[in-house]
Amino acid sequence: RIETLAARIGAGSARADRPWLEEDPKTVLRRLYAGREPLYAEVASLIVDVDDATPEQTVTTILDTLRARAGG
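Quick note: the sequence shown uses our numbering, first residue 78, plus one each step.
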C-alpha cells in the first residue's frame with residue numbers, strides 16, 4: 078500500500094535522501110508504482126503482502142510458501 082510505503086519513508090534522514098518526494102510523497106509514490114507494478118508482477122515468483130506483518134511473520138510466510146512449492 079502506498080500509505081505503508083509513505084509511512085516507512087516518513088521524515089528525517091530517510092526522506093532527506095529522497096528529495097523527489099518533498100512535494101507530495103503519496104502522489105509521487107502512486108505514479109511510480111503505477112509505472113512499475115506491471116514489471117514487478119511480470120518478474121515476481123512470489124508476492125507477499127507485508128503491510129500488516131512483522132518482519133518475523135513475513136519471513137515465516139516466505140519460508141512456508143517456498144517449502145510448500147518445494148514439496149516439503
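We put the CB at the ideal spot given by N, CA and C, even for glycine.
Using a Cβ distance threshold of 8 Å, D128 and R78 count as a contacting pair.
Shown here, E99 sits in coil according to DSSP, grouped into three states, outside any helix or strand. Setting aside the 5 residues that flank it on each side, V105 is surrounded in the same chain by L98, each with a C-beta closer than 6 Å to its C-beta; the list follows chain order. The Cβ atoms of A147 and T138 lie no closer than 8 Å to each other. Rounded to the nearest angstrom, the gap between the Cα atoms of K103 and G112 is 14 Å. In the three-state reduction of the DSSP assignment, T131 falls in the coil class, being assigned neither a helical nor a strand state.
Non-local C-beta neighbours of T135 in its own chain, meaning closer than 8 Å and more than five positions away in sequence, comprise V125, V127, ordered along the chain.
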